[in-house]
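>
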Amino acid sequence: MNKKKILKLTAAAMAMTTVGSLNQGRIVKAVENNVQLSELDVKDESLGINDKETGEDLTENDEKISDEENAIVSEEQKGDELEKSNFEIKTQTSTGSSVEPVSWSFDDSNEGWNFGGAYSYNGPQDNVVNFDEEKQGLRLDVDYSKNVGDSWSEFKIEKKFEGEKLKLNGYNVLTYDFIYDPNCMTTGTFKVKLFITDGPNKDVAIDLSNAEDLGNGLKKAQAVVEFNNADIEADSIILGLVGSNTDYKGSIYIDNIKLSQAAQEDPYVEKTAEPVKQGLVSVDSLEMPSEVKLVDNEATQVTADLYAYLKALGKTDKVIYGHQNDTHHKALYKQGTNSDTKDVTGSIAGIIGMDTLSFTGDELELTDEEKKEGLTLPKKAAQIDAQAAKEGAIITLSSHMPNFEIVKNKELVDGKYDYSGYSPNKTSGNIVSRIMPGGDLNEVYTGYLDLIAEYADELQKENVPVLFRPFHENNGSWFWWGGAFCDAQSYKNLFAYTVDYLRNTKNIHNFLYVYSPNGPFENDKEYLSRYPGDEYIDILAFDMYHDDPLAEASKDPWMESLKETINLVQGIADSKGKLSAVSETGIRINGGGMPETGNPNKTWFKDVSDIISKSDMPYYMVWANFNNTDNFFAPFMANDKKGHEMINEFIDYYNDKNTVFADRIDDYASVDTQISDKYAYGYIMTPISNDRILEPVTIKAAVRNAEGKVTFDIKNKYGQVIKTLEATDNDGVFSAGITEDVLNEIGQVSGTIELKSDNTVLNYINAVFNIKEAEKQPKVVDDFESYMGDSSLLSGAWSTNKGPGCSVNPKLSDENKHTGDYGLAFNYKISTEKTSEGYAGIIKSLEADWTGCDALQIWAKPDGKGQKLVIQLTSNGEDFEIRLPEFTKTTEAQLLKLPFSDFTGKKGGKLDPSNITSMAIYCNTIVPEDNEGSWNVDSTMYFDDIKAINTSESETEIGNASVNISGIQKVGYTLTPIVKVEDKEGNEITTSLNLKYYWYQMDNDKDEVNDTNSVLIGTDKNYKIARSDYNKYIKLVVKYVDNNGEEKEISHDYTKSKITFKSSGSHSSSNNSSSDNESNLDNDTSSSENDLSGDSNSNSVITEVITNEDGTSSIKLVDANGKVMTGWQFIDNKWYLGDENGIAKTDWQQVNGKWYYLESDGKMKTGWLKDKDGTWYHLQANGAMQIGWLKDSDGKWYYLKENGAMSIGWLRDTNGTWYYLNNSGAMQTGWIKDADGTWYYLNQSGAMLSNTIVDGYVLNKDGACVK
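Going left to right, the sequence shown walks through residues 27 to 1293 as the working numbering numbers them.
As structure tokens, then:
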């Protein structure tokens, strides 16, 4: 390569990113052979900073800055160069003395630069750094292809100074030429990381967008790292080449490494305020409760005392300040104490956070001496926290647990699992299900819990209690335990199992358990949606970060939102007699942490504390200080005289009488708090919530302190009991089997399994019985046919994400769709009332390879609201988006074909179709220019048939085709299709088509499918015949999807006769009681293969009219020999229910939890029924009383209450949505006028709209039209 003696750095070559740092907007001048460096462009869109287009403030797959885990981070806590606890820095107020540049030009050797190790990098590591004579540079032979899914994969080079050390004072800029082959990568970006022991620890992005083309297939970019001057002598320099979701494989050349000096303004201020220690918050000054109720009835005395102290302190105006990693991570000043907080105020924080990342080497390391002594990381972490406790601090432990599938796939280290590395943001693998008992990752998970127990036990010996906060921010989608990756019941049971294991198996009794979803919350229901239960939670808390604060707190919407969130969470906690807190918060500017300079609100800490002081919450905690540029959340000292620009305001905050740091916390162990009665509880361990139960399985549940009879109730989605199973006890683990017969009795339903002690429900899980998951088409995201019309199953597949004051409620729609029977109703509400830009979206996780496709196809029907519709694909950890605001101004449905090339990556990458991990639909606010005040939109858009396509493929022409149904046509058996399709040339093309299967229940074998004579009963390839299919025909319609997304029928077939049971004759005998046979309407457990004769059982069971003593008549059920028949009997195409004497029952009858109506002649009623009091009910085809929403044959919707009575008038459902049902019970849409003369508007789904404008009329928050 050509050597350039004078290095010319352009603004483009100098482009870099320092998230929220000092460098924003600053002119940097450098002496580089008399060439001035131009202004640094520090805004790097490739990092996805503050990207509200998708409602995600930060990029999901990078390391944690704050903890709303879509965050970009500097990875200071990663790699074996991490020496945070042991280095010293002397920060100058200027650039130091004038210095000459130090450079390495690699003209004839590697000049002492060698391979320096790797972190989260799986490429070769032997003989990979060499001098390249031809290129006259340092050649790095790298392979990131195995780490394309990692946002941080680091390959290091190192220069050691064996003799005279490098004097770093005066230097503050490092640059080098980054020369690469663009053909060696298809995706991803690079960062450079500079690490000098006891000195700079900084990473920035390498801008490839304006790389110089060298004309030989290579391109050259400039790597630039600006850092704070440090007066040290360096033993070595380490440069990390960090691959961010890249697949680069080949050589990279490094040339012209140079250390130089640039003029810098001193960002730090003089410490002028003086800390004034306040008095202890003594237990004698507080109204300490004498008794508390805890999750752990055997909690240590000091643990109960701490809980009492916090509850009492919360009743005052005082608030404890907390800081994560306060005593083992610092931003900059290493000559001071072990704590930035103590450097500034003289005291460590009152609440000190530790994370389990410290137990695995990511945020804490062992020295060689400690390793020799046998010290472990959990024990070292415990020692750090024990010392903090001695200074008065209260300890809290969070847990960024790794993805345990990744752990399992690693090689063992000394025979043990290797939990190191940061992977909670690796969300694939269905981790929650697999770490529960019986799962293949359970042993890996309990091994991790053992590390937590080791730490806790050490503190237990020291009489130190801990606020344990696992699985935080569970309502987000950035962790594997988040809403997108497990349903609420799975999360709750995982939390319960974790508590149970630590408390009862590992005997950890110094934990108080904290629940902390991510705020804000729309209502109590949202906050409690994943709440594990009072028996597992001691403290109800929340995490909520402040993005881009305003200068005046009184005008900052976030501050008002914080007040509202505190009031909501405290109200819930008060109703439960629990403690509440703000578990995690902090300032985030432009997606990073606090900036070094330019903080708009320098009294932020006091402002937040003042809000909390008006509540009963005793503490809040901000996140950690990992460096002094872009990843810190609390003020710090830079040397003994100067510090961060907010240090003086922070000292004033410390001096406030209501502020509590560690030096004000009293010895709460001096009290003697009693612990009240134990909680009775239970949770289902297996199956996992939302499992599809297709084969016999054993239900297992842990039950503690419950004295009643333990049973499992299997219910359908309407809450009706289908089957009750008695459980057997094995040392607190209760079990019962779902046998093949029970599965047959249940049929194809979605519902729940309830764990009960006597009549008390302890726990439940959602379950899908006998409905196989739709056969996955690799190119299809969703066609919305596989949910059997059940929106609860839809919500298990699509998770939600929304901004403050916004909501989204996806439902299935059978009216607005493209093909098949269902589409997606995207019901959204977006508002700017509590945020600058409102957003709401839904996300579906995928593991898709779309190689060969070039576009995403979506059928969409917009709503004319003109808001910002965003379609998002995630590939290799990067989000790619296309925005369609013009499309949403229309209302006409279109089949959209969105080329992959039109999707823009948040990190500047290129979409890789071979690794698609999620697809999302978002809608963001676009506020009209003439709008005053907040902007609100409450509307619905519709989507269907979302799939990847190849736009160049030609349409296949179908020739001969046939469809036949195979299988025994009796209840309990499975029908399978035999499909053969040929093209026009006679070539069989069946396997190459995207086939869709639709199974219908029909009254007649020649009927066409329509709303009045057919019921869709399955969309899987195969269909298991259910009890409700008895005496019906089944029709199979097979379709294929053409290149335009249209479904076209290939052919169809019917069953040859009506469906029969497996047995013949009566379903009961005179020796059986009614209760033994009352479920026979829905079940037949006989193993006989004979048909039930004809359309009636008149040859085996007949009716006799008898006269009663009072002169009335009754129907008696007897067989042909006059033998009394009881239970359900099918006679002449009608069902009867015989009592113990064979007398046909009449009127309302409850059987196995279901209500039926028998007419005066004993015949079971179906359809609409008007009771004696004029109340309308609806009875299903199997006679069971309908509950919930019903779409009748007339196409109208009705709602049946829990008691079955049809609703009229206003109705509010469980989601808080209002509907209006007219006097006939039919749901209304459009404009309606209430009895009081007020007008309201109901959308196409019947939901009442509010806080929006419809047809030019304004609807207020109650939905009433006001003008």
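The C-beta atom is built at its ideal place from N, Cα and C for all residues, glycine as well. On a predicted model such as this, the values are computed, not experimentally measured, just so you know.
(1) On the DSSP bridge list, what partners appear for Leu1021?
(2) Are the stretch 694–712 and the stretch 316–326 touching, with three or more C-beta to C-beta distances below 8 Å?
(3) Which value, in whole angstroms, describes the spacing of the CA atoms of Lys186 and Ala144?
(4) Which full runs of the beta strand (DSSP E) of 3+ residues lie inside the stretch 549–616, going along the chain?
(5) Measuring straight from C-alpha to C-alpha, what distance separates Val155 and Phe547?
(6) Using 8 Å as the cut-off, can you tell me whether the stretch 668–678 makes contact with the stretch 299–312, which would need three or more C-beta pairs spanning the two stretches below that distance?
(7) So Glu752 is in the beta strand (DSSP E); what residue range does that whole segment cover?
(8) For the stretch 423–504, which segments carrying the beta strand (DSSP E) assignment without a break, of at least 3 residues, lie completely within its bounds, in sequence order?
(9) When the distance is taken between beta carbons, is Lys228 closer than 8 Å to Val268?
(10) With DSSP run on the structure shown, which of helix, strand or coil describes Glu958?
(11) What did DSSP end up calling Lys632 once you bin it into helix, strand or coil?
(12) With a CB to CB cut of under 7 Å and the five nearest residues on each side skipped, what residues in its chain are close to Cys210?
(13) Under 8 Å, do Thr367 and Ala660 count as touching if we go by C-beta distance?
(14) Is DSSP giving Val1292 helix, strand or coil here?
(15) When you compare each of Asp964, Lys887, Ile952, Ser776 to Asn853 by their alpha carbons, which one comes out closest?
(16) List the DSSP bridge partners of Leu924.
(17) Name the residue from Ile1157, Asp483, Ile691 whose alpha carbon lies nearest to the alpha carbon of Lys532.
(18) Does DSSP classify Val125 as helix, strand or coil?
(19) Locate the alpha helix (DSSP H) running through Tyr1246, then write down its first and last residues.
(20) Give me the Cα-Cα distance between Ile205 and Val251, rounded to the nearest whole angstrom.
(21) Let me confirm a value: Ser177 is counted as buried when at least 16 other C-beta atoms fall within 10 Å, else exposed. Which label applies?
(22) Count the other CB atoms, across all protein chains shown, that sit within 10 Å of the CB of Arg1238; report buried if there are 16 or more and exposed otherwise.
(23) Taking the straight line between their C-alpha atoms, what separation do you get for Lys434 and Ser1040?
(24) Could you please give the first and the last residue of the uninterrupted beta strand (DSSP E) stretch that includes Glu873?
(25) Relative to the C-alpha of Glu578, which candidate in Asp560, Pro626, Glu811 has its C-alpha closest?
(26) Which same chain residues, not among the five before or five after His572, have their C-beta less than 6 Å away from its C-beta?
(27) Which of the three DSSP states is assigned to Lys219 in this structure?
(28) What distance in whole Å lies between the Cβ atoms of Lys1022 and Glu1073, which are believed to be in contact at a cut-off of 8 Å?
(29) Could you tell me if Asn941 is buried or exposed, where buried requires 16 or more neighbouring beta carbons within 10 angstroms of its beta carbon?
(30) Whose CA, out of Leu554, Lys1287, Gly890, lies closest to the CA of Asp1281?
(31) How would you write the range of the beta strand (DSSP E) that Lys726 sits in, first residue to last?
(32) If you scan the stretch 1148–1176 from start to end, which runs of the beta strand (DSSP E) of 3 or more residues do you find wholly inside it?
(33) For Ala1146, does the count of other Cβ atoms within 10 angstroms reach 16, so buried, or fall short, so exposed?
(34) In the DSSP assignment, the alpha helix (DSSP H) including Asn519 goes from what residue to what residue?
(35) Consult DSSP for Thr212 and reduce its assignment to one of helix, strand or coil.
(36) Decide yes or no for the touch test of the stretch 738–750 against the stretch 774–791: beta carbon pairs closer than 8 Å, at least 3 of them.
Here's the rundown:
(1) Walking along the sequence shown from the start, residue 1021 turns up at place 995. Tyr1066, per the DSSP bridge assignment.
(2) yes
(3) In the sequence shown, counting from the first residue as 1, residue 186 sits at position 160. In the sequence shown, counting from the first residue as 1, residue 144 sits at position 118. Distance between the alpha carbons of Lys186 and Ala144 is about 16 Å.
(4) 565–569, 605–611
(5) Against the sequence shown, residue 155 aligns to sequence position 129. Against the sequence shown, residue 547 aligns to sequence position 521. Distance between the alpha carbons of Val155 and Phe547 is about 52 Å.
(6) yes
(7) Along the sequence shown, one-based indexing puts residue 752 at 726. 747–752 is the span of the beta strand (DSSP E), which, as asked, contains Glu752.
(8) 492–496
(9) For the purposes of this step, residue 268 is taken as the residue at position 242 of the sequence shown. For the purposes of this step, residue 228 is taken as the residue at position 202 of the sequence shown. Contact: no.
(10) For this step, residue 958 is matched to residue 932 along the sequence shown. Note: Glu958 maps to coil in three-state DSSP.
(11) Reading the sequence shown from its first residue, position 606 is the one you call residue 632. If DSSP states are grouped into helix, strand and coil, Lys632 belongs with the helices.
(12) Translated into positions along the sequence shown, residue 210 becomes position 184. The answer, listed in chain order, is Tyr274, Lys275, Gly276.
(13) Stepping through the sequence shown from its first residue, residue 367 is reached at position 341. Stepping through the sequence shown from its first residue, residue 660 is reached at position 634. For Thr367 and Ala660, yes; Cβs fall inside 8 Å.
(14) Numbered from 1 along the sequence shown, position 1266 holds the residue referred to as residue 1292. In the structure shown, Val1292 sits in coil (DSSP, three-state: anything other than H, G, I, E or B).
(15) Counted from its first residue, the sequence shown places residue 853 at position 827. Comparing Cα positions, the closest option is Asp964.
(16) The residue you call residue 924 lines up with position 898 of the sequence shown. Paired residues: Leu882.
(17) For the purposes of this step, residue 532 is taken as the residue at position 506 of the sequence shown. Out of Ile1157, Asp483, Ile691, Asp483 has the C-alpha closest to the C-alpha of Lys532.
(18) Within the sequence shown, residue 125 is the residue found at index 99, counting from 1. In this structure, Val125 counts as coil in the three-state DSSP scheme.
(19) Indexing the sequence shown from 1 puts residue 1246 at position 1220. Taken as a continuous stretch (DSSP letters only), Tyr1246 belongs to no alpha helix (DSSP H), being part of the beta strand (DSSP E) at 1244–1247.
(20) Here residue 205 refers to the residue found at position 179 when the sequence shown is read from its first residue. Here residue 251 refers to the residue found at position 225 when the sequence shown is read from its first residue. When rounded, the distance between both Cα atoms is 17 Å.
(21) Start at 1 with the first residue of the sequence shown, and residue 177 comes out as number 151. Under this definition Ser177 is a buried residue.
(22) Locating residue 1238 in the sequence shown gives position 1212, counting from the first residue. Counting Cβ neighbours within 10 Å, Arg1238 comes out exposed, since fewer than 16 surround it.
(23) Taking the sequence shown and counting its residues from 1, one reaches residue 434 at position 408. Taking the sequence shown and counting its residues from 1, one reaches residue 1040 at position 1014. In a straight line, the C-alpha of Lys434 is about 49 Å away from that of Ser1040.
(24) Taking the first residue of the sequence shown as position 1, residue 873 is located at position 847. It spans 865–874 - the beta strand (DSSP E) in which Glu873 sits, taken as one unbroken run.
(25) Position 552 of the sequence shown, counting from 1, holds the residue named residue 578. The option with the nearest alpha carbon to Glu578 is Pro626.
(26) Taking the first residue of the sequence shown as position 1, residue 572 is located at position 546. For His572, where only same-chain residues beyond five positions count, the Cβ hits under 6 Å are Trp584, Ile613.
(27) On the sequence shown, residue 219 is found 193 positions in, with the first residue counted as 1. Reduced to three states, the DSSP call for Lys219 is strand.
(28) Walking along the sequence shown from the start, residue 1073 turns up at place 1047. Walking along the sequence shown from the start, residue 1022 turns up at place 996. Rounded, the Cβ-Cβ distance is 6 Å, consistent with contact.
(29) Looking up residue 941 in the sequence shown gives position 915. Under this definition Asn941 is a buried residue.
(30) Along the sequence shown, read from residue 1 onward, the residue named residue 1281 stands at position 1255. Closest by alpha carbon: Gly890.
(31) Start at 1 with the first residue of the sequence shown, and residue 726 comes out as number 700. 723–730 is the span of the beta strand (DSSP E), which, as asked, contains Lys726.
(32) 1153–1157, 1160–1164
(33) The count along the sequence shown starts at 1 and reaches residue 1146 at position 1120. Exposed is the call here.
(34) Numbered from its first residue, the sequence shown carries residue 519 at position 493. It spans 514–526 - the alpha helix (DSSP H) in which Asn519 sits, taken as one unbroken run.
(35) Mapped onto the sequence shown, residue 212 falls at position 186. Three-state result, Thr212: coil.
(36) yes
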